[in-house]
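Counting in the numbering used here, the sequence shown runs from 14 upward without gaps. Notes follow once the structure below has been shown.
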Amino acid sequence: MTEYTPQLRATAPTALDTLVRCRDLVLPALRETVDRLHPWVGQMAGFVFGWCDPDGTPSAHSGGGGKAMRPALAVLAAEAVGAPAESAVAGAVAVELVHAFSLVHDDIMDGDERRRHRTTAWKAFGVGPAVLAGDALLALALDTLSHAAGHLPPATRSAAMGLLSSSLVELVNGQATDIAFEWRPWTGPDAVTVEEYKAMAARKTGSLLSCASALGALLGGAPAEMVTAMSLVGRDLGTAFQAVDDLLGIWGDPVVTGKPVFNDLRLRKKTLPVVAALASGSVSTRQLADLLAMPVDTPDPEWTLRRAAALISEAGGRSFTTAQAYLHLDRALRTLDEAAMERTAAAELTMLSEFIVHRTH
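And the structure:
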């Protein structure tokens, strides 16, 4: 596997401006929706979104947690088909609620204690309360979209609910596949293949970005072919997003990511760089597999993790994953180029797409 060296363009500042604009549009509706919850559950939800500390004290960064990429995709998709941004707000709120639900439950399943430089919900409140908070966010997502779609034609209302519900099924199935990977051997005929991993990522991560893009276009009144095109854009961006996430899970800067370096290796997760390295047939494959099979509490765990990361790079796992991120970015951009869209929104979608791959956390 050869090294892949992309030519990066300085698009992040403009993309960040777009993210802030879309987040500021969606945030009031998101807060209003969360306020419908029981006060205790609402406090946990507020913590998940970064609005408050575990005791309910407003956070120093209470403007909103995370980058809000999914709501931005929904808003920009609506604008790209010539509709006002406001037409996509309910859809943007719904996908952000689903995303938050998935993170809360994902942290429980993975045992992650830190996210976005803060304690995770289950660590702050306990597993049971965190499960309840995640369930509440999911229920709110479905209820929000259902009520917002009430004024739409029956076919559009049905399509909107169908997009969200089918994405949820895909997300859950993708997560189940990811967990099942943990039981598979590192090497041999039963090992996880690159294609299996990519299919899982397209479901687990790609489904919700696909839903956000398609939902924005649908709520904006776009014809079926445009909704399909935006769904494909989101799917490819989601696959690219997961590839970058996998790179950051091993080599990301803890100061930026909020998680320890080599975190995914520490958890022995079968991410794309690992799977690709093990499938490469490199002379280091056996040594890498032996290192990954070692117990987490080895005498010198940090050395084990550093050596495993080095072997993954030597076997081409890092460069392959980078190339996959750019492959799916290119596919998303080609789909955008071929669709008839409003120019300004299409340009913002392009910059946001590039930002997804160029991000550092």
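Even glycine gets a Cβ: it sits at the ideal position worked out from N, Cα and C. If you're wondering where the values come from, they're calculated on a predicted model, not measured in any experiment.
If you count every other CB in all the chains shown that lies within 10 Å of the CB of residue i, and 16 or more means buried, which is it?
i, result
"residue 192", "exposed"
"residue 47", "buried"
"residue 111", "buried"
"residue 206", "exposed"
"residue 160", "exposed"
"residue 118", "buried"
"residue 49", "exposed"
"residue 347", "exposed"
"residue 139", "exposed"
"residue 354", "buried"
"residue 294", "exposed"
"residue 22", "No answer about residue 22 holds up, because its pLDDT of 38 lies below 50 and its placement is not dependable."
"residue 315", "exposed"
"residue 299", "exposed"
"residue 277", "buried"
Out of the options, state which residue places its alpha-carbon closest to the alpha-carbon of residue i.
i, options, result
"residue 248", "51, 88, 35 and 211", "211"
"residue 350", "169, 242 and 311", "242"
"residue 217", "153, 181 and 68", "181"
"residue 163", "313, 357 and 232", "232"
"residue 321", "371, 337 and 263", "263"
"residue 57", "81, 145, 38 and 43", "145"
"residue 99", "284, 341, 224 and 41", "41"
"residue 154", "82, 177, 118 and 52", "177"
"residue 281", "304, 296 and 297", "304"
"residue 269", "129, 323, 302 and 355", "129"
"residue 369", "258, 156 and 135", "258"
"residue 72", "184, 132, 141 and 344", "132"
"residue 343", "331, 353 and 367", "367"
"residue 157", "315, 39 and 307", "39"
"residue 308", "224, 279 and 336", "279"
"residue 32", "81, 197, 66 and 70", "81"
"residue 317", "274, 52, 195 and 260", "274"
Just checking my contact of residue i with residue j at CB under 8 Å: how many whole Å lie between their CB atoms?
i, j, result
"residue 127", "residue 271", "6 Å"
"residue 105", "residue 84", "4 Å"
"residue 220", "residue 175", "With 8 Å as the limit, residue 220 and residue 175 do not qualify as a contact, their Cβ atoms being about 13 Å apart."
"residue 254", "residue 285", "The Cβ separation is near 12 Å, so there is no contact."
"residue 252", "residue 214", "5 Å"
"residue 388", "residue 92", "This structure leaves residue 388 out entirely; the chain is present only between 14 and 374."
"residue 61", "residue 113", "5 Å"
"residue 334", "residue 266", "Actually they do not touch by this definition, with Cβ atoms about 17 Å apart."
"residue 137", "residue 120", "The Cβ separation is near 10 Å, so there is no contact."
"residue 94", "residue 239", "6 Å"
"residue 165", "residue 173", "7 Å"
Quiz item: Does the region 318–333 touch the region 352–367, meaning 3 or more C-beta pairs lie closer than 8 Å?
Solution: no
Quiz item: Does the region 223–230 come close enough to the region 196–206 that 3 or more CB-CB pairs lie under 8 Å?
Solution: Judged by Cβ distances under 8 Å, the region 196–206 makes no contact with the region 223–230, as fewer than three pairs qualify.
Quiz prompt | Whole alpha helix (DSSP H) elements within the region 203–229, 4-residue minimum | solution = 207–217
Quiz prompt | Contiguous alpha helix (DSSP H) assignments of at least 4 residues, all confined to the region 133–171 | solution = 134–138 and 140–161
Quiz item: Enumerated in chain order, which unbroken segments of the alpha helix (DSSP H) with a length of 4 residues or greater are wholly contained in the region 45–116?
Solution: 52–61 and 82–93
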